[in-house]
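A.B. asks: Attaching a single structure in structure tokens format; questions to follow.
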Amino acid sequence: MVIAVTGKGGTGKTLIAGLLVRLLAKKYRVLAVDADPDANLGEALGVESYKTLGEIREIFQHSRDDMISINKESWLEGKIYGEVIYEAEDFDLLVMGRPEGEGCYCFANNLLRAVLRKLMRHYDVIIVDCEAGLEHISRRTIDGADIILIVTDASRKGLMTAKRIRELAEELNLRARIYLIANRVEGSAVQAIEEFAKIEGFSLLDIIPPDEEVTKADIAGVPVPLSSEVAKKVEKLAEVLVCEANS
Ligand SMILES: Nc1ncnc2c1ncn2[C@@H]1O[C@H](COP(=O)(O)OP(=O)(O)O)[C@@H](O)[C@H]1O
Ligand SMILES: [Mg+2]
1 MVIAVTGKGG
11 TGKTLIAGLL
21 VRLLAKKYRV
31 LAVDADPDAN
41 LGEALGVESY
51 KTLGEIREIF
61 QHSRDDMISI
71 NKESWLEGKI
81 YGEVIYEAED
91 FDLLVMGRPE
101 GEGCYCFANN
111 LLRAVLRKLM
121 RHYDVIIVDC
131 EAGLEHISRR
141 TIDGADIILI
151 VTDASRKGLM
161 TAKRIRELAE
171 ELNLRARIYL
181 IANRVEGSAV
191 QAIEEFAKIE
201 GFSLLDIIPP
211 DEEVTKADIA
221 GVPVPLSSEV
231 AKKVEKLAEV
241 LVCEANS
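Here the sequence shown is numbered in the UniProt record's numbering, starting from 1 and rising by one per residue.
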């Protein structure tokens, strides 16, 4: 099951993706993918150093002509398994890193796609922390999202981004189920979000209020405790997603 978490910047995608990874990792083989060039999923997961797929792609791009007698796919595979995949205690992390530089990366990207496709078979759940779009999914670096979670706050911009992402998913003909999650929303904004979801035909999965524990963890630079209210909310919605995926 591939779950892509997307939405406007600053709405809580990384928070929610990180919690999903940690919670689902209790039961499943989970791969966390940081697909935001401004990568900080590692931080949310308490992982510090890693090499990115982007770095390996650059090395490959600039040395592939010298790799005459080397199987290029095997080379890439070795690098990704050996240097990019970070193995934490109960989940693995893959950081996509920055987008490619100038020039044609089609060859490199095609190989990468093949390697990633193979890699993904080792996991039950893949959680992708995206930027405010579906970059890696639209370019098929990551194949076939089953679920797209669009995170929004109560701002107009957040809601418009949610609509735009859904349109994009429809244009791409993705067979994914799309859900809206409102985060950091309380008071009168709750009703406004519910109305928006109803009018626009979004399945509203949950409304998560601001959580002091998230702010504290943020300041301390540590992952959000799984005992926090927000983690409990995410745990419930993870159960719903797993149930629906199995139905
Ligand atoms: N429910 C919440 N309560 C309090 N702070 C939150 C909540 N959700 C997110 N935040 C904070 O908002 C900021 C942006 O969240 P983040 O997950 O990094 O967003 P994104 O990945 O969408 O850019 C972070 O500092 C995060 O700790
Ligand atoms: Mg983020």
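Cβ atoms here follow ideal geometry from the backbone N, Cα and C, with glycine treated the same way.
Please report the straight-line C-alpha distance between G42 and D34, rounded to a whole angstrom.
C.D. replies: Answer to the nearest angstrom: the Cα atoms are 8 Å apart.
A.B. asks: Please report the residue range of the alpha helix (DSSP H) in which G42 lies.
C.D. replies: Taken as a continuous stretch (DSSP letters only), the alpha helix (DSSP H) holding G42 covers L41 to A44.
A.B. asks: Here's the rule: buried if 16 or more other CB atoms are within 10 angstroms of the residue's CB, otherwise exposed. What is F91?
C.D. replies: So F91 counts as buried.
A.B. asks: Specify the secondary structure class of Y81 as computed by DSSP and reduced to three states.
C.D. replies: Y81: helix per DSSP, three-state reduction.
A.B. asks: Under three-state DSSP, which class holds L134?
C.D. replies: It is coil, neither helix nor strand.
A.B. asks: Tell me, please, whether the region 6–26 touches the region 112–120 by the rule of three or more beta-carbon pairs shorter than 8 Å.
C.D. replies: Cβ pair count under 8 Å is below three, so no.
A.B. asks: Which residues mark the beginning and the end of the beta strand (DSSP E) in which S63 is found?
C.D. replies: That residue, S63, is in no beta strand (DSSP E); its alpha helix (DSSP H) goes L53 to S63.
A.B. asks: Determine the closest residue to D38 out of G103, W75 and C130, with distance taken between C-alpha atoms.
C.D. replies: Closest by alpha carbon: C130.
A.B. asks: Okay, do the region 66–76 and the region 162–175 touch, 3+ Cβ pairs below 8 Å being the bar?
C.D. replies: Touching, no.
A.B. asks: In the DSSP assignment, the beta strand (DSSP E) including L204 goes from what residue to what residue?
C.D. replies: Taken as a continuous stretch (DSSP letters only), the beta strand (DSSP E) holding L204 covers S203 to I208.
A.B. asks: Can you say whether D124 is buried or exposed, counting buried as having 16 or more other CB atoms within 10 angstroms of its CB?
C.D. replies: Counting Cβ neighbours within 10 Å, D124 comes out exposed, since fewer than 16 surround it.
A.B. asks: DSSP has D129 in a bridge; who is on the other side?
C.D. replies: DSSP lists V5 and D34 as partners of D129.
A.B. asks: Taking the alpha carbon of T11 as the point to measure from, which residue in K216, A176, I150 and K198 has its own alpha carbon closest?
C.D. replies: Checking every option, the nearest Cα to that of T11 belongs to I150.
A.B. asks: Which class does A25 belong to by DSSP, given the choice of helix, strand or coil?
C.D. replies: Residue state, collapsed to three classes: coil.
A.B. asks: Based on Cα-Cα distance, which residue from L119, F107 and L159 lies nearest to A132?
C.D. replies: Closest option to A132, Cα to Cα, is L159.
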